[in-house]
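S.K.: Got a structure here, written out as structure tokens. Questions coming.
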Amino acid sequence: MRIKNKINKEIASSFFENQFTGIYIYDVNADKIVYNYNGNKYFTPASNTKIFTLFTGLELLSDSIPAFKYAVDADTITIQGTGDPTFLHSFFKDSTALKMATNYKKVNLIVNNIADKKFAAGWAWEDFDSYFSPERSAFPMYGNVVTLQNENDLTVTPNFFENNLKITTKKYGRDEFENQFYLAKDKVGETVIPILISSDLLANLWNNLLPNKIKVVTNFKIKPTKIAYSIPSDSLYKRMMEVSDNFLAEQLLILASSTLSDTLNSSKVRDFMLENQLRDLKQKPRWVDGSGLSRYNLFTPISFVEVLSKMYKKIPRERLFSFFNVVGESETLKTGFSGEKAPYMYAKSGTLGNNYNLSGYLITDVNKVLIFSFMNNHFMHPNSKIKEQMQVIFEYVRDNY
Numbered sequence: 227m228r229i230k231n232k233i234n235k236e237i238a239s240s241f242f243e244n245q246f247t248g249i250y251i252y253d254v255n256a257d258k259i260v261y262n263y264n265g266n267k268y269f270t271p272a273s274n275t276k277i278f279t280l281f282t283g284l285e286l287l288s289d290s291i292p293a294f295k296y297a298v299d300a301d302t303i304t305i306q307g308t309g310d311p312t313f314l315h316s317f318f319k320d321s322t323a324l325k326m327a328t329n330y331k332k333v334n335l336i337v338n339n340i341a342d343k344k345f346a347a348g349w350a351w352e353d354f355d356s357y358f359s360p361e362r363s364a365f366p367m368y369g370n371v372v373t374l375q376n377e378n379d380l381t382v383t384p385n386f387f388e389n390n391l392k393i394t395t396k397k398y399g400r401d402e403f404e405n406q407f408y409l410a411k412d413k414v415g416e417t418v419i420p421i422l423i424s425s426d427l428l429a430n431l432w433n434n435l436l437p438n439k440i441k442v443v444t445n446f447k448i449k450p451t452k453i454a455y456s457i458p459s460d461s462l463y464k465r466m467m468e469v470s471d472n473f474l475a476e477q478l479l480i481l482a483s484s485t486l487s488d489t490l491n492s493s494k495v496r497d498f499m500l501e502n503q504l505r506d507l508k509q510k511p512r513w514v515d516g517s518g519l520s521r522y523n524l525f526t527p528i529s530f531v532e533v534l535s536k537m538y539k540k541i542p543r544e545r546l547f548s549f550f551n552v553v554g555e556s557e558t559l560k561t562g563f564s565g566e567k568a569p570y571m572y573a574k575s576g577t578l579g580n581n582y583n584l585s586g587y588l589i590t591d592v593n594k595v596l597i598f599s600f601m602n603n604h605f606m607h608p609n610s611k612i613k614e615q616m617q618v619i620f621e622y623v624r625d626n627y
């Protein structure tokens, strides 16, 4: 009762009166609702959506990422994309496909086996050249971005685009409908810009690596059915959650769809999850992408707690918590929620303009595990002020439950 009264008092303050707030806290071991305020209401989740994406990967993918499907006919290998985002990615640097293709005289690429559009519904059109919204595709390369590193010397990765870069007084960017990139002459460090993806470009990027070997095909002699694997799946999950990587999240759903059909379709895999593993959710979400970039997404605090509970009951605690940010320490949650005690929350944040949400696991002073979702939409305060108010509630629950 003390916790309920304390949170009610905080929520009733003038700070929260002009925003939409939802809080749901659940004691998973006691099977007890600790607190519920608007838990069944729908909110814009932002990157909290990645919790559902993580659950999908854990349910449908094996312990290694399916890099591609392939078939061999004499001196020719035919490779079909599965959506694996790690191929030549700046962080993962996977080269599984390149190493295998090197062994053959001819390489046929199938990259048109995807139903998804480049961008999901509800993404902001003006973000086409922003680092956080690379295009979705069947056979990503280099994370579907060009990386410009400007320290003592300027390097362009992939080097295929060296002649497509102009040094200007502009901060950075790309033409909307072609791969012409711009970088300010005084901008130092790393700059990441999404690439405009096409079949012709993929053929050119591959031929830049293996000259005169590569051909993008739509018809093929032998259907690719064998599967080659790249990195451990947990490595992909951890990176996606740690830095809240939108591209990895989108491609993760596409990867999951490869286990259901040769046609890659993230919409179908979302429907599959909602009809099967998530059929018992109390409130069915409107789930339109993997990353949470879309403002069309609508989820309730209860639905996040339900999915977090499913994972908690199925996955060993050490492994499960390793997917989530340590609040107050991890890259996306270094600011706010500092407190005076050791870290006590493992969670995923979700941020869009005027929206801030946090869902995950809270460990109390007496080592009880509480699963929570605290969602804030349509506020006019700075995010830092929202976090300060949330921290008051989190610390009280930690110390008094």
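Take 227 as the starting number for the sequence shown in this note's numbering and just add one per residue.
The beta carbon of each residue, even a glycine, is placed where N, CA and C say it ideally should be.
Bear in mind the structure is a predicted one, so any value in this text is a computation, not a measurement.
1) Going straight from the alpha carbon of Ser-487 to that of Ser-456, what length do you get?
2) Quick check on Gln-375: does DSSP put it in helix, strand or coil?
3) Spatial neighbours of Leu-436 within its chain, please: CB distance less than 8 angstroms, with the 5 preceding and 5 following residues excluded, ordered by chain position.
4) Please go through the segment 573-603 and give each complete beta strand (DSSP E) segment of 3 or more residues, from N-terminal end onward.
5) Could you give the first and the last residue of the continuous alpha helix (DSSP H) run that contains Ser-529?
6) Distance check for Val-260 and Lys-319, CA to CA, integer angstroms please.
7) Hey, would you say Phe-547 sits closer than 7 angstroms to Tyr-582, going by beta carbons?
8) What residues are listed by DSSP as bridge partners for Thr-270?
9) Can you tell me whether DSSP reads Ser-290 as helix, strand or coil?
10) Going by DSSP, what residues sit across from Phe-387 in a beta bridge?
11) Compare the beta carbon distance of Met-466 and Leu-474 with 7 angstroms and say whether it is the shorter of the two.
12) Exposed or buried, what is Asp-426 when buried is set at 16 or more other beta-carbons lying within 10 Å of its beta-carbon?
13) Tell me Met-571's beta-bridge partners as DSSP assigns them.
14) DSSP three-state call for Tyr-368: helix, strand or coil?
15) Go through its chain and collect everything with a Cβ distance to Asp-299's Cβ below 8 angstroms, but skip five positions before and after it.
16) How long is the line joining the alpha carbons of Glu-468 and Pro-271, rounded to whole angstroms?
17) How would you label Glu-514, buried or exposed, when you count the other beta carbons within 10 angstroms and need 16 or more for buried?
18) Using CA atoms only, rank isn't needed, just tell me which of Glu-361, Ile-305, Lys-567 and Arg-545 is closest to Tyr-330.
19) Tell me, please, whether the segment 372-383 touches the segment 519-533 by the rule of three or more beta-carbon pairs shorter than 8 angstroms.
20) Output the distance between the C-alpha atoms of Ile-619 and Tyr-252, rounded to the nearest integer angstrom.
21) Reducing DSSP to helix, strand and coil, say where Tyr-627 ends up.
22) Have a look at Ser-459 and Thr-489 and give me their C-alpha separation to the nearest angstrom.
23) Between Leu-588 and Tyr-296, what straight-line distance do the alpha-carbon atoms span, to the nearest angstrom?
24) So who's on the other strand from Leu-380, going by DSSP bridges?
25) Bridge partners of Gln-306, per DSSP?
26) Quick check on Val-260: does DSSP put it in helix, strand or coil?
27) According to DSSP, is Ile-237 helix, strand or coil?
28) Alpha carbons only, please: which of Phe-354, Leu-507 and Glu-614 is nearest the one belonging to Asn-266?
29) Using a Cβ-Cβ cut-off of 6 angstroms (strictly less than) and excluding sequence neighbours within five positions of Lys-392, which residues of its own chain qualify?
30) Which residues share a DSSP beta bridge with Asn-551?
31) What runs of the alpha helix (DSSP H), each 4 residues or longer, lie entirely inside the segment 436-512?
32) Give every residue of the same chain whose Cβ lies closer than 8 angstroms to the Cβ of Ile-249, excluding the five residues on either side of it in the sequence, and list them in chain order.
33) Asn-472: which of Ser-493, Gln-617, Asn-370 and Val-442 sits nearest, CA to CA?
34) Mapping DSSP to helix, strand and coil, what is Tyr-252?
35) Output yes or no for whether 7 angstroms exceeds the beta carbon distance between Ser-520 and Trp-349.
36) Looking at the structure shown, is Leu-422 part of a helix, part of a strand, or coil, going by DSSP?
M.R.: The short version:
1) 19 angstroms
2) strand
3) The beta carbon of Leu-436 sits closer than 8 angstroms to those of Leu-324, Ala-327, Thr-328 and Val-333, all from its chain and outside the five residues before and after it, given in chain order.
4) Here the runs fully enclosed are 581-589 and 595-603.
5) Counting along the chain, the alpha helix (DSSP H) containing Ser-529 begins and ends at 527-540.
6) 44 angstroms
7) For the pair Phe-547 and Tyr-582, the CB atoms are not nearer than the 7 angstroms cut-off.
8) DSSP, once it has assigned bridges, lists no residue as partnering Thr-270.
9) Here Ser-290 sits in strand by DSSP.
10) According to DSSP, Phe-387 bridges with nothing at all.
11) yes
12) exposed
13) Leu-588
14) helix
15) Lys-447 and Ile-448
16) 17 angstroms
17) Reading off the sequence shown, one finds Val at residue 514, where the question assumed Glu. With 16 or more Cβ atoms within 10 Å of its Cβ, Val-514 is classed as buried.
18) Ile-305
19) Taking 8 angstroms as the limit for Cβ pairs, the verdict is that the segment 519-533 does not touch the segment 372-383.
20) Taking the straight line from one Cα to the other gives about 14 angstroms.
21) coil
22) 21 angstroms
23) About 44 angstroms.
24) Asn-376
25) For Gln-306, the beta-bridge partners assigned by DSSP are Lys-295 and Ile-336.
26) Taken through DSSP and simplified to helix, strand or coil, Val-260 comes out as strand.
27) helix
28) The residue with the shortest Cα to Cα distance from Asn-266 is Leu-507.
29) Tyr-408
30) Ala-573
31) With a minimum length of 4 residues, the continuous alpha helix (DSSP H) runs that stay inside the segment 436-512 are 459-468, 472-483 and 492-501.
32) Ile-233, Ile-237, Tyr-261, Asn-262, Tyr-263, Asn-264, Gly-265, Pro-527, Phe-598, Ser-599, Phe-600, Met-601 and Ile-619
33) Taking each of Ser-493, Gln-617, Asn-370 and Val-442 in turn and checking the Cα distance to Asn-472, the smallest one comes out for Asn-370.
34) Correct three-state label for Tyr-252: strand.
35) yes
36) coil
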